[in-house]
Amino acid sequence: MSDSNETLANLAHEQRRFAPPAAFAESANVTEEAYARADADRLAFWEAAAERLDWGQKWDQVLDWSNPPFAKWFTGATINASVNCVDRHVEAGRGDKVALHWVGEPEGDARDITYAQLLDEVSRAANALTELGVRKGDRVAIYMPMIPETVITMLACARLGAPHTVVFGGFSSDALASRIIDCGAKVVVTSDGGYRRGAASALKPAVDEAVAKVDAADGDLAVEHVLVVRRTGQDVAWTERDVWWHDAVDTASAQHTPELHDSEHPLYVMYTSGTTGKPKGILHTTGGYLVGTSYTHWSVFDLKPESDVYWCTADVGWVTGHSYMVYGPLANGATQVLYEGTPDAPHKGRWWEIIEKYGVTIFYTAPTAIRTFMKQGDAIPAKFDLSSIRLLGSVGEPINPEAYVWYRDHIGGAKDGGEGVPIVDTWWQTETGQILISPLPGVTHGKPGSAMRPLPGISADVVDDEARSVGDGEGGYLVLKEPWPAMLRTLWGDDDRFVETYWSRWEGLYFAGDGAKKDDDGDLWVLGRVDDVMNVSGHRLSTTEIESALVSHPSVAEAAVVGAADDMTGQAVVAFVILREAAGDGGAEIETELRNHVGREIGAIAKPRQVMVVPELPKTRSGKIMRRLLKDVAEGREVGDTQTLADASVMDLIKAREAAR
Ligand code: WT7
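Structure follows, in structure tokens:
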């Protein structure tokens, strides 16, 4: 456990409580009653949540758990996710309602898209993808900036029953290629580039490289077409398989008759880092996923579709963007902001300016962003009118109490004696698909730093090594005891790894990989990962994956990576490398070169904050690297117990190196 986690564990004695404002509680979508109702009959509870959606055929069974851990939800039912997110709102007469207030990074570059317009665009895109050969069951990779076409493509794929795999635009061409290969995508949708920090950055060249890698790989897989949105107008290389979006989609018919898909039809694959070098393809299916995301979006964010303007600042390349920008909010008919750029372009108040301009009422972001704003100072948000905000959310990592209180004071209006708005600290994962542990904003008296309780219909617990539920005031592992609708169904093409990773530690329990503590009131405090997974700015990175990237560099013989506590990013990547003899001392530029190498192999987010060249790595007698000791060095702490080391003197060598820097 890192220092910051220990601090957090101590803070589980936090005394502050923030009750919902009375008016909020009175008109909240969900009240205390929901917990009792779900406790009385969990499946009836989820069945009622399913009634919020439009189905073709209704289900025979709410949950089929006859072959655990392979769940089937709403068996026998048929549904189309795209129809639920778009068509049904238009049919109900809400076609003129804005679905997306899209805000480009260049100032003044903005576009409002109504539900009726979204229906046209999604239909055109579905027709164009069909024209390009995409059929039900085919996979489509999406490598895009935050533009409306990204959402449109996802919904068009869902409409056709062609599972999408969105790859974050910051990932490298290698990462893109391996994902295309793993799920066998035959079409890639991308753009020439996007805007970031005031400049146009390119995306298409990485797709070209990835497609070449797919061509060169073993097997008969080939990317048949690359559909390209013109966003920046920069020059792009062009081949026969490339097709411009404006040629294929804008000219396609705006009429598309959707087919209903089986409730368990695959909706998408999202890759995430695990404890080995190979990312896991998390498979989400249609019916249960849409029930789980739309219900939690409505209950946790207290969405009032008629009056709210919702904004989630995540990138659509992560699961948060899938569940709480695309499927949850659109299924609920929300009006939301979609912003292309970074919070500091062209000025540090950009986010607050957008909130003021669009009257954002519900705002969902990550602790790392909140800490950055805290550092920049109170004066920046104070310049804007944020009074429209009535609910704040947090996701991605534990929110430290100072950041929670700052968020509540300076964004949530509690400073200078203001009443303040509820904050929902939402715990969930790529795998869980939906929020599982969170306050209910009209019910819960929130504590800064705690995700509080499992939502109604969710059975989460904290257990010890023997899977025994721990008592109040004690810590252990976070587990889920019953299936939930938006849970992952398997890992794409790898049922064994699915069972092994999540279900084999204890019989019948889903192991989340997080440590957690129950405080004296039984409220939950998530403490962070207990496996070889790091959390950097709310993004999940695997130590092994970065180590593999480092050893693929010709100068590196061995590498060990740890996540070190970092004030801004939560954790930061720190790498220890042993150079090959032929590389000598690596030269003055070796650290920069290795950081860039990791950037090229995986993506900029994986670049180590620091690379230390060391003569040896601390290993046990059985040859296992003792990352715990390296973490002590990386966090500038006294090095812990070295008794189990094969050679205790290596830590002296490493410390001497570090001191000489
Ligand atoms: C891991 C999942 C869920 C979308 C974003 C990340 C950590 C996430 C919280 C929270 C404490 C949190 C956990 C989890 N995490 N939210 N509110 N409090 N920790 O998705 O990349 O799948 O990462 O993020 O460690 O296991 P992800």
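Anchor point for the sequence shown: position 638 equals 618 in the numbering used here, and the numbering is continuous, going up by one each time. Backbone N, C-alpha and C fix where the C-beta goes; we use that ideal spot for every residue, glycine too.
Burial state of R330, where buried means 16 or more other Cβ atoms lie within 10 Å: As a working note, residue 330 is residue 350 in the sequence shown. Counting Cβ neighbours within 10 Å, R330 comes out buried, since at least 16 surround it.
Where M126 and T133 are concerned, what is the direct C-alpha to C-alpha distance, given to the nearest angstrom? The residue labelled residue 126 in the question sits at position 146 within the sequence shown. The residue labelled residue 133 in the question sits at position 153 within the sequence shown. Rounded to whole angstroms, the separation of the alpha carbons of T133 and M126 is 12 Å.
Answer with buried or exposed for H519, where buried requires no fewer than 16 other C-beta atoms within 10 angstroms of its C-beta. To locate residue 519, count along the sequence shown from 1; it is residue 539. When all chains shown are included, H519 counts as buried.
Cβ of G173 within 7 Å of Cβ of Q235? Residue mapping note: residue 173 aligns to position 193 of the sequence shown, counting from 1. Residue mapping note: residue 235 aligns to position 255 of the sequence shown, counting from 1. Contact: no.
Using the beta-carbon of each residue, find all residues closer than 7 Å to any heavy atom of the ligand WT7 and list them in chain order. T252, W298, V299, T300, S374, V375, G376, E377, P378, I379, D405, T406, W407, W408, Q409, T410, E411, A431, A492, G493, D494, V506, G508, R509, N515, G518, H519, R520
Run through DSSP, which three-state label would H245 get? Position 265 of the sequence shown holds residue 245. Here H245 sits in coil by DSSP.
Does S153 come out as helix, strand or coil in the three-state DSSP assignment? On the sequence shown, position 173 is the one that residue 153 refers to. If DSSP states are grouped into helix, strand and coil, S153 belongs with the helices.
Give me, in chain order, the residues of the same chain whose beta-carbon lies closer than 8 Å to that of G393; leave out the 5 immediate sequence neighbours on both sides. What you label residue 393 is simply residue 413 of the sequence shown in a count that begins at 1. The residues are L366, S367, I369, E399, G400, V401.
Would you grab the beta carbon distance between S418 and N9 for me? Rounded to a whole angstrom, and I think it's under 8 Å. Translated into positions along the sequence shown, residue 418 becomes position 438. Translated into positions along the sequence shown, residue 9 becomes position 29. S418 to N9, Cβ: 14 Å. No contact.
Taking the alpha helix (DSSP H) that S367 belongs to, which residues open and close that run? Taking the first residue of the sequence shown as position 1, residue 367 is located at position 387. That residue, S367, is in no alpha helix (DSSP H); it is neither H nor E in DSSP.
My output table needs one value for T58: the three-state DSSP class, helix, strand or coil. Along the sequence shown, one-based indexing puts residue 58 at 78. Correct three-state label for T58: strand.
Integer-rounded CB distance, given that G502 should sit under 8 Å from D452: Along the sequence shown, read from residue 1 onward, the residue named residue 452 stands at position 472. Along the sequence shown, read from residue 1 onward, the residue named residue 502 stands at position 522. Yes, they are in contact, since the Cβ atoms of D452 and G502 sit about 5 Å apart, within 8 Å.
With DSSP collapsed to three states, give me the class of I14. Residue 14 sits at position 34 when you count from the first residue of the sequence shown. The question names Ile, yet the displayed sequence has Ala at residue 14. In this structure, A14 counts as helix in the three-state DSSP scheme.
State the start and end residues of the unbroken beta strand (DSSP E) segment that holds C292. Start at 1 with the first residue of the sequence shown, and residue 292 comes out as number 312. Unbroken beta strand (DSSP E) run through C292: 289 to 292.
With respect to the beta strand (DSSP E) encompassing M514, which residues constitute its N-terminal and C-terminal limits? The residue given as residue 514 occupies position 534 in the sequence shown. Unbroken beta strand (DSSP E) run through M514: 513 to 516.
What is the residue span of the alpha helix (DSSP H) that A165 lies within? Along the sequence shown, read from residue 1 onward, the residue named residue 165 stands at position 185. Taken as a continuous stretch (DSSP letters only), A165 belongs to no alpha helix (DSSP H), being part of the beta strand (DSSP E) at 165 to 171.
Report yes if the CB atom of C163 is closer than 7 Å to the CB atom of V249, and no otherwise. As a working mapping, residue 163 is identified with position 183 in the sequence shown. As a working mapping, residue 249 is identified with position 269 in the sequence shown. Contact flag set, yes.
Euclidean distance between Cα positions of D389 and M354: Residue mapping note: residue 389 aligns to position 409 of the sequence shown, counting from 1. Residue mapping note: residue 354 aligns to position 374 of the sequence shown, counting from 1. Whole-angstrom Cα-Cα distance: 11 Å.
Can you tell me which residues form a DSSP beta bridge with S646? An answer regarding residue 646 cannot be provided, because it is not within the stretch -19 to 641 covered by the chain.
So if DSSP puts F(-2) in a beta bridge, which residue, or which two residues, is it bridged to? Numbered from its first residue, the sequence shown carries residue -2 at position 18. G426.
Beta-carbon separation of T130 and I262 under 7 Å? For the purposes of this step, residue 130 is taken as the residue at position 150 of the sequence shown. For the purposes of this step, residue 262 is taken as the residue at position 282 of the sequence shown. Contact flag unset, no.
Residue burial classification, E525 (beta-carbon count within 10 angstroms, cutoff 16): Counting from one through the sequence shown, the residue named residue 525 turns up at place 545. Looking at its Cβ environment, which holds 16 or more other Cβ atoms inside 10 Å, E525 is buried.
Name the one or two DSSP bridge partners that P434 has. To locate residue 434, count along the sequence shown from 1; it is residue 454. For P434, which the question treats as bridged, DSSP gives the partners I417.
What does a CB cutoff of less than 8 Å around V442 pick up in its chain, not counting 5 residues either side in sequence? For the purposes of this step, residue 442 is taken as residue 462 along the sequence shown, with counting starting at 1. Around V442: S449, V450, E454, G455, G456, Y457, L458, V459, A496, K497, K498, L504.
Once DSSP output is grouped into helix, strand and coil, what is the label at Q97? Reading the sequence shown from its first residue, position 117 is the one you call residue 97. DSSP, reduced to helix, strand and coil, places Q97 within a helical segment of the structure shown.
Could you give the DSSP three-state label for A562: helix, strand or coil? Locating residue 562 in the sequence shown gives position 582, counting from the first residue. A562: helix per DSSP, three-state reduction.
Terminal residues of the beta strand (DSSP E) in which I122 lies: Position 142 of the sequence shown holds residue 122. From DSSP, the beta strand (DSSP E) with I122 extends over 119 to 123.
Since G583 contacts G150 with CB under 8 Å, what's their CB separation in whole angstroms? Looking up residue 583 in the sequence shown gives position 603. Looking up residue 150 in the sequence shown gives position 170. G583 to G150, Cβ: 5 Å. Contact.
Pair every Cβ in the region 206 to 225 with every Cβ in the region 183 to 192, then say whether three or more of these pairs are closer than 8 Å. yes
Closer than 6 Å by C-beta to A492: which residues in its own chain qualify, once you throw out the five before and the five after it? Chain order, please. Within the sequence shown, numbered from 1, the residue matching residue 492 stands at position 512. Within the same chain, A492 has close Cβ partners L458.
Whose C-alpha, out of Y319, S62, D494, is nearest the C-alpha of D511? Here the question's residue 511 lines up with position 531 in the sequence shown. Here the closest residue by C-alpha is D494.
Which complete beta strand (DSSP E) runs does the region 158 to 232 hold, if anything under 3 residues is left out? 165 to 171, 173 to 176, 179 to 182, 205 to 209, 222 to 224
How about the region 257 to 277 and the region -3 to 7: do they share at least three Cβ pairs that are nearer than 8 Å? no
Beta-bridge pairing of S522 - partner residues as DSSP gives them: By one-based count along the sequence shown, residue 522 stands at place 542. Answer is V513.
Out of R560, Y123, V375, state which residue places its alpha-carbon closest to the alpha-carbon of S517. Within the sequence shown, residue 517 is the residue found at index 537, counting from 1. Out of R560, Y123, V375, V375 has the C-alpha closest to the C-alpha of S517.
Taking the beta carbon of Q623 as the centre, do at least 16 other beta carbons fall within 10 Å, making it buried, or is it exposed? Against the sequence shown, residue 623 aligns to sequence position 643. Label assigned to Q623: exposed.
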